[in-house]
Structures are given as structure tokens and as C-alpha cells.
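Enquirer:
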Amino acid sequence: MNVSKMDGQAEPAGADPGLQIPILIQRQVPSQKSLRETAKAKLKRNCSLTPASLKDAILGFFPVIDWLPKYRFRDYIVGDIMSGLVIGVILVPQAIAYSLLAGLKPIYSLYTSFFANIIYFLMGTSRHVSVGIFSLLCLMVGQVVDRELQLAGFDLNEDISPASSNNSNETFPASDLTLGGLGPECGKECYAISIATALTFLAGVYQVLMGLFQLGFVSTYLSQPLLDGFATGASLTILTSQVKYLFGIKIPRHQGYGMFLVTWVNMIRNITQANICDVITSAICLTVLATAKELTDRFKKKIKFPLPTELVVIVAATLVSHFGKLHERYGSSISGEIPTGFIPPKAPNFGLMHRVALDAIPIAVIGFAFTVSLSEMFAKNYGYTIKANQEMFAVGFCNIIPSFFHSFTTSAALAKSLVKTSTGCHTQVSSVVSAIVVLLVLLFLSPLFYSLQKSVLACIIIVSLKGALWKFRDVPKLYRVNKVDALIWCVTMASCALISTEIGLLVGVLFSVFCIVSRTQHPHVTLLGRIENTVFYEDSRQYENLLPVPKIKIFRFEAPLYYANKDFFLKSLYRMTGLDPSLEWAKRKKCEGEKPAKDGGHVEKGVIGEVGQVDTTGQLIPKQSEFHTIIIDCSSVLFLDTAGINTLKNVQKEYRAINIAILLAGCNPSVIEALKRGGYFGNDDTSMKELLFYSVHGAVQFVWAREQVIDSIL
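Numbering-wise (this note's numbering), the sequence shown opens with residue 1162 and increments by one.
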């Protein structure tokens, strides 16, 4: 008889020709290092300061030093310049429009776009992503700004005057003069940007700390269905926040939970107050922008670069508003003055940071998650690699440094990144070109946008949401592919839209974790049957023509066995095998106790128990049972905790009491080590070769060989 060995496990090869060759496996003895030695080696490897390590650290922190000298000027420069110009042209109207979402003046959005492009050029590892203002983050920043303005006593329903500036006469209410350490000369706009910069600084610090402690794995808990649901739910919130500008209606700005429903109710109640000028402007702009976007999407293969429709619409609308005097004649809301040049840098207000410390956490995680996911997507498509940890540092400093220059939170944005790749981008040199375009607007062109209507900006924002809102069409397909992912999408989307974006993200993460836990708590269980003329076994409920193994039950549990699902494991084992060992033992004891009375004899209770025990243990096959062995297929059991080990030990003990053997098959090395440490095989592991097998078929052959030996003895 040939023997297959695994850690001393014996498996008779039987008559199968494929098992005639012995398989000899000897596990290596793991090297044991103390915690002190391990920590010392790691510190030496990471903290040693040598010229080579210093050079690697600098090159790693500023990747531009490594790739810029290798820049292929003739091959790349035309595509990078073209891409940078197109992105710069798109950035200007988007920056001005997204200032509405953030509740800030347009000049701050332009600052943000300029500094983010320069810093990511120096520190980023992706060649194609476009980093700058992002609608979802602008919304999250705007919600925090509005909340703090309201708490400070400012009226959110009054727009900042077009002529207002940082020295606005609208000052803090008397009760809040010392709020955050700001003086009474700081008005509504000043306090708003102070909140935004404090929030941005903290988000950047969190991202850098995540990079230092290598916590990038946090983003892995944000699955694609969760991110898509979050984007769609936030897009509904963005759409809701901009509808009032389309109609020119001044309604109370609701803060807190349920903004979506409250805003729409107020819109319907005040629809009669709509500004006809804004309604007509919105209708024309939406028609032009939506048509241009549809044509661009339909003929994107023929059009080498997207049409600058947003810029054309903004220029035309600004000219019409200026010469038609729409603000003076019809009361249409306009952007107001956008100053030129740069405001002197100022450190973020540290006195306000305790108020926004918690708000910065979801902003930091979302900003990093979108940046890394987009970077990895483009890196895979174009055949290069990125460093996720360095991306964390890059996006972190894209928030920290600009916060000193009156900027707010940034991250990579999908729409602009797709435009970047479609217009010939090769490297981040295109970001420098985009920054130059924004710089020209900041220095010379920004006053020209004074008369631009806010309804036009709202149209640009709403049309840009098409991609996220169109994901509703993908839900049926997602449901057919994976019902759990579809449910995660729906729960996250509904929570973001109906409650708030931050709560929606938290609900989505918790629900995703709950779905994962529930899958392990109630995994798939089945009995296996043998595929005819093979050594393979499969689910008897999902496949036809499988052969049952006589007197053997093969049970598969497709999950780790730990404290949360041990009860489900036991119930499933009892249900699938049709035998609860505790009930069977109690039933036999009861039958043994009634047997003397049935014969008419009188025997003392102690004698009955002793005789019954001898009679039971002397039987090879237990009463009322069609099998004498249970093989547990552990190939899908990833790990065991203490509760899982004890569960298997109790199962083995209880079934042994009624003369049913429990064999384990297909255990991975970590599970075997856990069983050894838990004493499953006894103190000296002598019974290991009779309880543990490399494969299900090996365990079946062992049982068959044992039956032959017993039959020959009898």
C-alpha cells in the first residue's frame, strides 16, 4: 500500500493510478524571532541614515526629480501642452462654478486649482490624473462652512454682496466676537474661508499621518459599489443645492439632516417667486451644455479633444448679462467681483480646528480614496506603476500647503482625468500648463467674470453630474451580477441623499462591513458527492449524477470558523448529517434504561448503566445511523480562533461518544498550526495521521482501508 504523507499524515493511495506515486511533504520549521529582535531589525532597516537611503528618500518624496530628466521632449511636449491647455480652459469655469458648492468666493477656487496642480506635479506618481477641485469634496466643505457660519450667527440666506471682501462691514455678532480667536473686523467671507482652510489643513494632516503609518488599507474598505453609491447620493445633494439658482428663488438654506427633502419642499412652495430671467437663462444654458456633452460622448472617437463648451457658454452669458444689465433690470444673481493677483498668505486658524476635527476625517478618506483609485486605474491602463503611500503624501500636501494660501480641499477628479488622457497627456507637465492658464486668469482675466449669472454656474455643475446620476441605469445589471453589491449601492446612495453625505458614507461603510460579516456568519454549507471515476468531490445540491459515498458524510463549510459563526457551523452540521450527537446520546441512554423493564426483569440502575455502556461501545456502527464517519472539508476554512478550535474539539468528542469518527481534510498550514496549538490532536500529536488528511479523497481511502482491516479481523 502506497502512503501519501503530509506532516506525518497517512493516506492510502488505493487503486487510483493517479495516486500510485507517493507524495512526500515535510513542513519547514518556522524560524522563531523575539519581538525585540524583530523590532530592532525593522528600525535598523527603516531608520538608518546613509547617503544611499537619503537619496532614495528624496527621490521617493519628490518623484519629479527622477522622471523629469528622462522626459522625452519631442515625443511628449505637444500632447502635454495640448492637454494642459484644454484642462486649464475647463478648470476656470468649473472653479468658479464649484465655489457655489463650497460656499466661498470664486477666487478661492482658482487659488485651489493653481496650487494643487503645481504640488502634485512635484510629488505625485501618476502621470495622468488631474488633481484640483472636486465637486463632492466642495459639497462636503460647503456643508461644514454653512454649519459654522450659522453657529456664528451669520444669515445663510443672504448672499455675500458682490462688492464684499475680506474687510466686509458685516462682522461677527457681539456674542461671537472671540470665536476662533478672530477679531470683530473679520466678516462673513473672512470667517467662511477661515473655516475652509482649517478644515483643509486638518484633512491634509490626516492624509500625511495615514501615509506615515501606512494606513492606506483604509481605502480598501471603500468598495466600488460603495463609492459609486456615495457619488450618486452626493450628486443628488449637489443637484438639490443648485436648483434654487436655476429658478432664482431665495429659500431658507437648510442645514443638517434631511436637506434633500426640505429643500425640495421649500422649492415647490416658493416656485411662484421664480425669476423669469434666471429661468430663461438656465433653460438655454442647460440645453446647450447637455447637447454638447451628448455629442461629445457620442462622437468622442472622432473628436480628438472635447469642445470648450463651458467656456463658450460662460463668455457668452457674461457678455449678455453685462450689456443687458440683467442684474440691475431683473434682479438676476451674479458672481460679483473676483479680484486679481494673490492675497497674502496666512496660516490656518488653529483656534477653529477643534470645531472641524471630525469633519476632516471623511474628507481626508474620500479625497485619498478617489485619488488612489483613479491613479491605479490609469496606471494599469497605460502600463506603469504608482506608489499608493506616496499618493497619500502628495494629496496630503496638496491640502496642507495650499491651506496657507486661502485654498480648500482637493483630490483627483475622474471627468478631468479622462479629458486629460483623451487629449494626449503623457506626464504631469500638463498640470504645469494648466496651472499657467489658471494663473493668467488670476492675474489678468478674473474681473471680466463680474456679471456672470449664478444660474449659468449652476447649469455647469448640474450637467457635470450626468456621469454620476446615470449610474442609476447600472443598478439592474449590478443586481444581476451581485445582489449584495447592489444593496450596498442603494443603501449608501439613499443615506447620502436623504440624511447627509458624511452620515451616508459612514452608513455605507458599516453596511458593507455588516454584509461581509453576515457572509461569514451564514456561509454556504453543503454535503459533497463523488464525481464518478474521479478523485474529486462536489456539491450534491448543485451538480447532478454525483455518487454518494457509502457510510460516509462529507461536509463542507465555506468560511472561517470563529466565534461569530460557531453556532451556525454546529446547526448546519447537525442538519446536513441528520444527526445531533447530544440528542442521539440521550436517546440511547433512555433506551438502555427502558430495556430491562421491557424484558420483565428487575435490575438495579447502576448495573443497567454499566451494561449499557459496555454494549454501546462494543458496536462498530451506531444505532439509528446510516454512517460511521464524517469528513469535514476544511479547504474553504481560512482560519480558526479559539472558539473555532474548541468547537471542532467538542464535535469530535461528542460524535466519538456515539462511535462516529470525525476526520478533517484539506486544511491549510495556518489552520493546522492552530489545531496543534489548541491540542486537537492530543498532547503529542500522535493521532494526527488518523484525523487529518491532505485531501477529501485521501480521507475516504483511509476509511475504506480501515473497514477492510476490520472486516478481515472479524
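Just so you know, even glycine gets a beta-carbon here, dropped at the ideal spot from N, CA and C.
Just reading off the alpha helix (DSSP H) that GLU1552 is part of, what are its end residues?
Expert: The residue labelled residue 1552 in the question sits at position 391 within the sequence shown. Per DSSP, GLU1552 belongs to the alpha helix (DSSP H) from 1549-1561.
Enquirer: Which one of LEU1708, ALA1530 and SER1384 has the shortest CA to CA distance from GLN1368?
Expert: Here residue 1368 is taken as the residue at index 207 of the sequence shown, counted from 1. Nearest option by C-alpha distance: ALA1530.
Enquirer: Among the residues of its own chain, which have a CB less than 6 Å from the CB of MET1301, if the five just before and after it don't count?
Expert: Walking along the sequence shown from the start, residue 1301 turns up at place 140. Closer than 6 Å at Cβ, skipping near neighbours: ILE1524 and THR1662.
Enquirer: Please tell me whether LEU1609 and PHE1391 are closer than 8 Å, where the distance is taken between their beta carbons.
Expert: Within the sequence shown, residue 1609 is the residue found at index 448, counting from 1. Within the sequence shown, residue 1391 is the residue found at index 230, counting from 1. Not closer than 8 Å, so no.
Enquirer: DSSP three-state label for THR1790, please.
Expert: Position 629 of the sequence shown holds residue 1790. Correct three-state label for THR1790: strand.
Enquirer: Helix, strand or coil for VAL1710, going by three-state DSSP, please let me know.
Expert: Along the sequence shown, read from residue 1 onward, the residue named residue 1710 stands at position 549. In this structure, VAL1710 counts as coil in the three-state DSSP scheme.
Enquirer: Suppose the cutoff is 7 Å on Cβ atoms and the five residues either side in sequence are ignored; what does the same chain contact list for LYS1727 look like?
Expert: Indexing the sequence shown from 1 puts residue 1727 at position 566. Result list for LYS1727: ALA1804, GLY1805 and THR1808, in chain order.
Enquirer: Measure how close the beta-carbons of VAL1572 and VAL1593 come, nearest whole angstrom, since I'm counting them as under 8 Å.
Expert: Position 411 of the sequence shown holds residue 1572. Position 432 of the sequence shown holds residue 1593. Checking the sequence shown, residue 1572 turns out to be Ser, not Val. That belief does not hold up - the Cβ atoms of SER1572 and VAL1593 are roughly 19 Å apart, past 8 Å.
Enquirer: Look at the alpha carbon of ASP1646 and the alpha carbon of ILE1871, and state the distance between them as a whole number of angstroms.
Expert: By one-based count along the sequence shown, residue 1646 stands at place 485. By one-based count along the sequence shown, residue 1871 stands at place 710. C-alpha separation (whole angstroms): 53 Å.
Enquirer: Are ILE1792 and VAL1857 touching if we call contact CB-CB under 8 Å?
Expert: In the sequence shown, the residue the question calls residue 1792 occupies position 631. In the sequence shown, the residue the question calls residue 1857 occupies position 696. It is a contact, given that the beta carbons lie within the stated cut-off.
Enquirer: I believe LEU1271 touches LEU1603 by the beta-carbon criterion, under 8 Å. Please report the beta-carbon distance rounded to the nearest angstrom.
Expert: The sequence position of residue 1271 within the sequence shown is 110, counting from 1. The sequence position of residue 1603 within the sequence shown is 442, counting from 1. Yes, LEU1271 and LEU1603 are in contact; Cβ-Cβ is about 5 Å, under 8 Å.
Enquirer: In whole angstroms, give me the CA-to-CA distance for PHE1566 and GLY1512.
Expert: As a first step, residue 1566 is located in the sequence shown; it is residue number 405 there, counting from the start. As a first step, residue 1512 is located in the sequence shown; it is residue number 351 there, counting from the start. Those two C-alpha atoms are separated by around 18 Å.
Enquirer: According to DSSP, simplified to helix, strand and coil, what is GLY1512?
Expert: Taking the first residue of the sequence shown as position 1, residue 1512 is located at position 351. Note: GLY1512 maps to helix in three-state DSSP.
Enquirer: Excluding five sequence neighbours on each side, which residues of the same chain lie with their C-beta closer than 7 Å to the C-beta of GLY1770?
Expert: One-based indexing of the sequence shown puts residue 1770 at position 609. Annotation note: pLDDT 32 at GLY1770 (below 50); position unreliable, coordinate value reported separately. Nothing listed; no residue qualifies.
Enquirer: What are the start and end residues of the beta strand (DSSP E) that includes ARG1233?
Expert: In the sequence shown, residue 1233 corresponds to position 72, counting from 1. It is not in any beta strand (DSSP E) - ARG1233 carries neither H nor E in the DSSP assignment.
Enquirer: Just how far apart, CA to CA, sit SER1496 and VAL1526?
Expert: To locate residue 1496, count along the sequence shown from 1; it is residue 335. To locate residue 1526, count along the sequence shown from 1; it is residue 365. C-alpha separation (whole angstroms): 31 Å.
Enquirer: Does ARG1702 come out as helix, strand or coil in the three-state DSSP assignment?
Expert: For the purposes of this step, residue 1702 is identified with residue 541 of the sequence shown, where counting begins at 1. In this structure, ARG1702 counts as coil in the three-state DSSP scheme.
Enquirer: What would DSSP say about PHE1362, mapped onto helix, strand or coil?
Expert: Taking the sequence shown and counting its residues from 1, one reaches residue 1362 at position 201. Three-state result, PHE1362: helix.
Enquirer: Identify every run of the beta strand (DSSP E) within the segment 1605-1636, keeping only runs that are complete inside it and at least 3 residues long; order them along the chain.
Expert: Listed in chain order, there is nothing to give.
Enquirer: Where does the unbroken alpha helix (DSSP H) through VAL1225 begin, and where does it stop?
Expert: Against the sequence shown, residue 1225 aligns to sequence position 64. Where VAL1225 is concerned, the enclosing alpha helix (DSSP H) stretches over 1225-1228.
Enquirer: Let me check understanding here. Comparing Cα to Cα, which of LYS1627, PHE1716 and LEU1312 lies closest to LEU1689?
Expert: To locate residue 1689, count along the sequence shown from 1; it is residue 528. LEU1689 has its Cα closest to that of PHE1716, out of LYS1627, PHE1716 and LEU1312.
Enquirer: Per DSSP, what kind of secondary structure is ILE1499 in: helix, strand or coil?
Expert: Residue mapping note: residue 1499 aligns to position 338 of the sequence shown, counting from 1. Coil.
Enquirer: Find out if the Cβ-Cβ distance for the pair LEU1388, THR1479 is shorter than 8 Å.
Expert: By one-based count along the sequence shown, residue 1388 stands at place 227. By one-based count along the sequence shown, residue 1479 stands at place 318. For LEU1388 and THR1479, no; Cβs fall outside 8 Å.
Enquirer: Determine which residues share a DSSP beta bridge with ALA1826 and list them.
Expert: Here residue 1826 refers to the residue found at position 665 of the sequence shown. Looking at the DSSP assignment, ALA1826 forms a beta bridge with ASP1794 and PHE1854.
Enquirer: Verify whether the separation of the beta carbon atoms of PRO1224 and THR1286 is less than 8 Å.
Expert: Counting from one through the sequence shown, the residue named residue 1224 turns up at place 63. Counting from one through the sequence shown, the residue named residue 1286 turns up at place 125. In contact: PRO1224 and THR1286 (Cβ atoms closer than 8 Å).
Enquirer: DSSP three-state call for THR1687: helix, strand or coil?
Expert: As a working mapping, residue 1687 is identified with position 526 in the sequence shown. If DSSP states are grouped into helix, strand and coil, THR1687 belongs with the strands.
Enquirer: If distances are taken between C-alpha atoms only, which option among TYR1724, ALA1655 and THR1588 comes closest to TRP1228?
Expert: As a first step, residue 1228 is located in the sequence shown; it is residue number 67 there, counting from the start. Out of TYR1724, ALA1655 and THR1588, THR1588 has the C-alpha closest to the C-alpha of TRP1228.
Enquirer: Would you kindly report the start and end of the unbroken alpha helix (DSSP H) that includes ILE1268?
Expert: Position 107 of the sequence shown holds residue 1268. Residues 1267-1284.
Enquirer: Pull up the distance between the alpha-carbon of LYS1615 and that of SER1494, whole angstroms please.
Expert: Position 454 of the sequence shown, counted from the first residue, corresponds to residue 1615. Position 333 of the sequence shown, counted from the first residue, corresponds to residue 1494. The straight-line gap from Cα to Cα measures roughly 6 Å.
Enquirer: Given this structure, state the Cα-to-Cα distance separating SER1396 from SER1607, to the nearest angstrom.
Expert: Here residue 1396 is taken as the residue at index 235 of the sequence shown, counted from 1. Here residue 1607 is taken as the residue at index 446 of the sequence shown, counted from 1. When rounded, the distance between both Cα atoms is 28 Å.
Enquirer: ARG1717 by DSSP, collapsed to three states: which one?
Expert: One-based indexing of the sequence shown puts residue 1717 at position 556. The answer is strand: DSSP assigns ARG1717 an E or B state.
Enquirer: Per DSSP, what kind of secondary structure is SER1568 in: helix, strand or coil?
Expert: For this step, residue 1568 is matched to residue 407 along the sequence shown. Correct three-state label for SER1568: coil.
Enquirer: Excluding the 5 residues flanking TYR1143 on each side, which residues of the same chain have their C-beta closer than 6 Å to its C-beta?
Expert: Lying outside 1162 to 1875, the shown extent of the chain, residue 1143 is not represented and no answer is given.
Enquirer: Whose CA, out of ARG1691, GLU1309 and LYS1714, lies closest to the CA of GLU1705?
Expert: By 1-based counting over the sequence shown, the position of residue 1705 is 544. Checked all of ARG1691, GLU1309 and LYS1714; the closest Cα to GLU1705 is ARG1691.
Enquirer: Based on the DSSP output, what are the partners of ILE1692 in its beta bridges?
Expert: Along the sequence shown, one-based indexing puts residue 1692 at 531. For ILE1692, which the question treats as bridged, DSSP gives the partners LEU1707.
Enquirer: What's the call for TRP1650, buried or exposed, on a 16-neighbour Cβ count within 10 Å?
Expert: For this step, residue 1650 is matched to residue 489 along the sequence shown. Buried, because 16 or more other Cβ atoms sit within 10 Å of the Cβ of TRP1650.
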